[in-house]
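According to the UniProt record's numbering, the residues represented by the sequence shown are 1 to 316, in order.
The C-beta atom is built at its ideal place from N, Cα and C for all residues, glycine as well.
A quick write-up on the structure given underneath.
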Amino acid sequence: MEEIYLDKNENPFNVPEKVKKEFISYAKDADFNRYPEKGLPSLIKKLAGLTGFSSENIIAANGSDELLDILIRHAEGDIVVSSPTFEMYSFYARNYGHRAIDVPLRSDFSLDVNGILAQKDAKLVVICSPNNPTGNLIDRESIKKILDSGITTVLDNAYYEFSGEDYTDLITRYSNLIILRTFSKAFSLAGMRVGYGIADSKFISEIKKLQAPFYMNILSAKMAEIMIDNYGLVVEKIKYIVEERERVYNEIKDIAYPSSANFLLLKKDLYGYMEENGIHIRKLPLVKDRSRLTIGTKEENDRAIEAIKKYIKEKF
């Protein structure tokens with residue numbers, strides 16, 4: 001039986017053939033001997049059009065990971081994270097000698113706002129919404145309370161397109177907020193490593209001073225531009241994935257949490273069992289007795305549902 005990979009929160013669909021053809025046409029005539037234009041003005045302009053913000057409010061990067069790296073590296077004190085969440089926040093903090101203070105999510109996966117605000121030595125708060133691996137949205141009122149304290153806040157919005165919740169209105173109210181997004185999920189470009197941030201223009205200006213002048217290759221930048229130009233095709237796949245997410249959840253909701261992302265957190269550690277069935281899911285070593293299932297194609301999801309239902313029947 002063919003193995004399927006539902007472990008990395010990737011989009012199950014490759015980029016459309018129309019996009020590939022346009023990209024290949026560009027690559028044939030590209031000047032590979034030249035550096036990218038400094039600041040990637042063409043990509044930034046398209047990102048501004050996509051988000052509705054000015055170019056001065058946008059920064060592009062080699063995946064949103066590059067921006068996380070920069071922001072955490074240059075933080076001037078402790079970093080606050082809320083587990084269970086994306087493990088790279090603590091990874092970067094440790095790498096740069098910062099203390100990562102964990103203020104765990106409550107049992108319903110909501111933020112412990114008072115616990116976060118009690119960390120007086122903290123200089124940076126990182127919030128993931130929809131949160132990975134729990135899949136839930138973080139309440140905007142909780143985010144606003146943290147922002148009202150004045151602390152620099154990173155809102156990792158990697159799964160934004162699957163959620164229907166747009167936090168960017170907060171940018172106009174809070175100069176201490178940066179929202180990070182990626183082309184790795186909804187745009188099917190995990191292999192291209194493209195991300196971007198949205199923030200107050202002064203905030204963006206300060207980050208750009210910390211970024212290398214030629215930080216993204218011309219192929220990744222061009223592919224991102226082409227995908228923006230074909231955003232209607234992206235929306236079609238988002239709709240498909242969201243519908244499949246809801247279908248899968250309704251089939252296995254006895255063992256899964258609801259989600260606003262492109263994955264489901266499972267209430268049991270099914271990693272070994274699913275591996276035996278040729279289905280790769282994410283083992284969560286830092287989250288006891290849980291695992292994570294990425295939403296794939298209908299056919300892939302049907303196999304996952306069948307295996308999980310078999311597990312439930314055998315174990316319960």
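Determine which residues share a DSSP beta bridge with residue i and list them.
i, result
"residue 195", "61 and 182"
"residue 291", "266 and 283"
"residue 19", "According to DSSP, which records beta bridges pairwise, residue 19 is partnered with nothing at all."
"residue 4", "279"
Would you please state the rounded distance, in angstroms, between the beta carbons of residue i and residue j? I believe it to be under 8 Å.
i, j, result
"residue 93", "residue 79", "4 Å"
"residue 280", "residue 4", "7 Å"
"residue 36", "residue 216", "6 Å"
"residue 155", "residue 184", "Actually they do not touch by this definition, with Cβ atoms about 17 Å apart."
"residue 264", "residue 249", "6 Å"
"residue 301", "residue 244", "6 Å"
"residue 165", "residue 260", "7 Å"
"residue 133", "residue 34", "Their Cβ separation, rounded to whole angstroms, is 41 Å, which puts residue 133 and residue 34 out of contact at 8 Å."
"residue 278", "residue 1", "5 Å"
"residue 46", "residue 228", "5 Å"
"residue 218", "residue 262", "That belief does not hold up - the Cβ atoms of residue 218 and residue 262 are roughly 28 Å apart, past 8 Å."
With DSSP as the reference, label residue i as helix, strand or coil.
i, result
"residue 297", "coil"
"residue 256", "strand"
"residue 177", "strand"
"residue 155", "strand"
"residue 209", "coil"
"residue 200", "coil"
"residue 247", "helix"
"residue 215", "coil"
"residue 314", "helix"
"residue 13", "coil"
"residue 39", "coil"
"residue 55", "helix"
"residue 303", "helix"
"residue 167", "coil"
"residue 29", "helix"
"residue 190", "coil"
"residue 224", "helix"
"residue 261", "coil"
In whole angstroms, what separates the C-alpha of residue i from that of residue j?
i, j, result
"residue 170", "residue 189", "27 Å"
"residue 221", "residue 15", "15 Å"
"residue 141", "residue 58", "24 Å"
"residue 375", "residue 143", "Given that the chain is displayed from residue 1 to residue 316, the structure contains no residue 375 and the question cannot be resolved."
"residue 251", "residue 234", "26 Å"
"residue 297", "residue 43", "30 Å"
"residue 85", "residue 138", "12 Å"
"residue 254", "residue 308", "10 Å"
"residue 97", "residue 225", "36 Å"
"residue 146", "residue 257", "26 Å"
"residue 181", "residue 247", "26 Å"
"residue 12", "residue 163", "17 Å"
"residue 69", "residue 303", "37 Å"
"residue 204", "residue 56", "7 Å"
"residue 196", "residue 48", "11 Å"
"residue 39", "residue 91", "28 Å"
"residue 19", "residue 275", "34 Å"
"residue 123", "residue 161", "29 Å"
"residue 174", "residue 125", "14 Å"
"residue 109", "residue 76", "28 Å"
"residue 21", "residue 9", "26 Å"
"residue 136", "residue 106", "12 Å"
"residue 210", "residue 198", "16 Å"
"residue 167", "residue 51", "11 Å"
"residue 201", "residue 289", "43 Å"
"residue 177", "residue 102", "20 Å"
"residue 231", "residue 159", "16 Å"
With respect to 7 Å, is the separation between the Cβ of residue i and the closest non-hydrogen atom of the ligand NAP below this value?
i, result
"residue 262", "Looking for the ligand NAP in the displayed structure turns up nothing, as the structure carries no ligands at all."
Those runs of the beta strand (DSSP E) which lie wholly inside the region 69-151 and span at least 3 residues:
Counting only runs of 3 or more residues that sit fully inside the region 69-151, the beta strand (DSSP E) segments are 78-81, 100-102 and 122-128, in chain order.
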